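All residue numbers for the sequence shown refer to the numbering used here, where the first residue is 1 and numbers rise by one.
Cβ atoms here follow ideal geometry from the backbone N, Cα and C, with glycine treated the same way.
Here the structure is a predicted model, which means the values were calculated and not measured.
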Amino acid sequence: MAKDSSQKFIARNRAPRVQIEYDVEVYGAEKKVQIPFVMGVLADLSGQPKDPLAPVADRKFLEIDVDNFDERLKSMKPRVAVQVPNTLTGEGNMAIDMTFESMDDFSPAAIARKVSSLNSLLEARGQLSNLLTYMDGKTGAEELIAKLLAEPALMQALTAAPKPQ
């Protein structure tokens, strides 16, 4: 069985938003004919790719929809490589090199995970959030944290201790 064209697939699965019709006279009778609205987009959406792109003549049109968007994005490997001011230390610039594989990679947390200095801050924030949840309503825990913050030697001993696995 021959594979249906993408126009027929779209017609079956999504109602058309643009309908173009024209009147034709066939054997003396007027008839309305619908013209399919097909659009192709040529765009360089890969950013700064590590591997060179194929020549435009060798590229093929791809059907992109809600169901396969992340798969198509991953195959395109859009990449950005920039220098940004280092606002963490205030010294110079940071080199940022990121490749995106899904729409979730554009979220602030995902971007922070891809930058090592921001990732460590994000992990610390998560640990502090977990600690706050654990301490909720436990007065003894609050007193212990206050004591820990007041004594730098105790704080250093805890930070030097290995993390439990």
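How is lysine 31 classed by DSSP in three states: helix, strand or coil?
Taking the first residue of the sequence shown as position 1, residue 31 is located at position 31. Strand.
Using the Cβ count rule (16 or more neighbours within 10 Å means buried), how would you classify phenylalanine 106?
The residue you call residue 106 lines up with position 106 of the sequence shown. Phenylalanine 106 comes out exposed.
For valine 41 and glutamine 83, what's the separation of their Cα atoms in angstroms?
Residue 41 sits at position 41 when you count from the first residue of the sequence shown. Residue 83 sits at position 83 when you count from the first residue of the sequence shown. Here the alpha carbons of glutamine 83 and valine 41 stand approximately 30 Å from one another.
Contact between the stretch 85–102 and the stretch 51–64 is defined here as three or more beta-carbon pairs at a separation below 8 Å; is this criterion met?
no
Taking leucine 73 and phenylalanine 100 to be in contact with their CB atoms under 8 Å, please state how far apart those CB atoms are, rounded to whole angstroms.
Here residue 73 is taken as the residue at index 73 of the sequence shown, counted from 1. Here residue 100 is taken as the residue at index 100 of the sequence shown, counted from 1. Indeed they touch by this definition, with Cβ atoms about 6 Å apart.
With a threshold of 6 Å on Cβ separation, who are the neighbours of methionine 98 within its own chain once the five nearest residues in sequence on each side are excluded?
By one-based count along the sequence shown, residue 98 stands at place 98. Excluding residues up to 5 positions away in sequence, Val80, Lys114 lie with their Cβ nearer than 6 Å to the Cβ of methionine 98 in the same chain.
Expressed to the nearest angstrom, what Euclidean distance is found between the alpha-carbon atoms of glycine 126 and leucine 118?
For the purposes of this step, residue 126 is taken as the residue at position 126 of the sequence shown. For the purposes of this step, residue 118 is taken as the residue at position 118 of the sequence shown. Taking the straight line from one Cα to the other gives about 12 Å.
How would you call methionine 76, buried or exposed, if buried means at least 16 neighbouring beta carbons within 10 angstroms?
One-based indexing of the sequence shown puts residue 76 at position 76. The residue is buried, with at least 16 neighbouring Cβ atoms inside 10 Å.
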